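Trainee:
Numbering (my numbering), first residue to last: 303 to 466.
Here is the structure:
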């Protein structure tokens, strides 16, 4: 199974539309990615895990998503946590094991603190936490979030070989 072959689904949230893919059946594993990537980050682990679990891979609005959220969507860290909670509710996910890394790990910790009702377990891999959120290397990029179109432009620059 190749991640790219999985059908893309879309769910409507109050904040906007979230695209996602899923594979397998059984207990639900919800994979939460970090900044500037999408659910495809988990493509190497999903084939093995989907033999025993339902693997759900949203493309969260963290810079590599296909569709902009609503203009009034709260995209602050607590707002992103609300998006994850609303996403779980929209798919009626219960007793979820969240697997998260990078900024997704920090957001998962906020979800766990503020919206724990659908979560059974959490697996945090290398992720942002405590005073390391956002990591110092990303501090200059925080300001870009306030400039309309700046994040999109920065992500587009990653298409250039020299940027990669």
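From the three backbone atoms N, C-alpha and C, an ideal C-beta is built for every residue, glycine too.
Quick caveat, the model's predicted, so the values are computed rather than measured.
Would you say residue 323 and residue 310 are within 8 Å of each other, going by their C-beta atoms?
Mentor: Position 21 of the chain shown holds residue 323. Position 8 of the chain shown holds residue 310. Yes, these two residues count as a Cβ contact at 8 Å.
Trainee: Taking the straight line between their C-alpha atoms, what separation do you get for residue 389 and residue 355?
Mentor: As a working note, residue 389 is residue 87 in the chain shown. As a working note, residue 355 is residue 53 in the chain shown. Going by the C-alpha atoms only, they are around 19 Å apart.
Trainee: Please go through the same chain and pick out, in chain order, the residues whose beta-carbon is closer than 7 Å to the beta-carbon of residue 366, but skip the five residues on each side of it.
Mentor: As a working mapping, residue 366 is identified with position 64 in the chain shown. Excluding positions up to five away in sequence, the list reads 338, 339, 340 and 457.
Trainee: Would you list, in sequence order, the uninterrupted alpha helix (DSSP H) runs of no fewer than 4 residues that lie entirely inside the segment 360-413?
Mentor: With a minimum length of 4 residues, the continuous alpha helix (DSSP H) runs that stay inside the segment 360-413 are 379-392.
Trainee: Compute the Euclidean distance between the alpha carbons of residue 450 and residue 419, then round it to the nearest angstrom.
Mentor: Looking up residue 450 in the chain shown gives position 148. Looking up residue 419 in the chain shown gives position 117. Approximately 35 Å between the Cα atoms of the pair.
Trainee: Please state the DSSP three-state secondary structure of residue 426.
Mentor: Counted from its first residue, the chain shown places residue 426 at position 124. The answer is strand: DSSP assigns residue 426 an E or B state.
Trainee: Please report how far the alpha carbon of residue 454 lies from the alpha carbon of residue 372, in whole angstroms.
Mentor: Here the question's residue 454 lines up with position 152 in the chain shown. Here the question's residue 372 lines up with position 70 in the chain shown. C-alpha separation (whole angstroms): 15 Å.
Trainee: Could you give the DSSP three-state label for residue 463: helix, strand or coil?
Mentor: Translated into the one-based positions of the chain shown, residue 463 becomes position 161. Three-state result, residue 463: helix.
Trainee: Does the distance from the C-beta atom of residue 430 to that of residue 408 stay below 8 Å?
Mentor: Indexing the chain shown from 1 puts residue 430 at position 128. Indexing the chain shown from 1 puts residue 408 at position 106. Yes, the Cβ-Cβ distance between residue 430 and residue 408 is below 8 Å.
Trainee: Taking its Cβ as the centre, do 16 or more other Cβ atoms sit within 10 Å of residue 328, making it buried, or is it exposed?
Mentor: For the purposes of this step, residue 328 is taken as residue 26 along the chain shown, with counting starting at 1. Exposed, since its Cβ has fewer than 16 Cβ neighbours within 10 Å.
Trainee: Measuring only the C-alpha atoms, how far is residue 404 from residue 369?
Mentor: Taking the chain shown and counting its residues from 1, one reaches residue 404 at position 102. Taking the chain shown and counting its residues from 1, one reaches residue 369 at position 67. Straight-line Cα distance between these residues: approximately 22 Å.
Trainee: Going by beta carbon distance, what residues of the same chain come within less than 7 Å of residue 414, once the five residues before and after it are set aside?
Mentor: Along the chain shown, one-based indexing puts residue 414 at 112. 421 and 424.
Trainee: What residues match up with residue 449 in a beta bridge as DSSP calls it?
Mentor: Taking the chain shown and counting its residues from 1, one reaches residue 449 at position 147. Beta-bridge pairing links residue 449 to no other residue.
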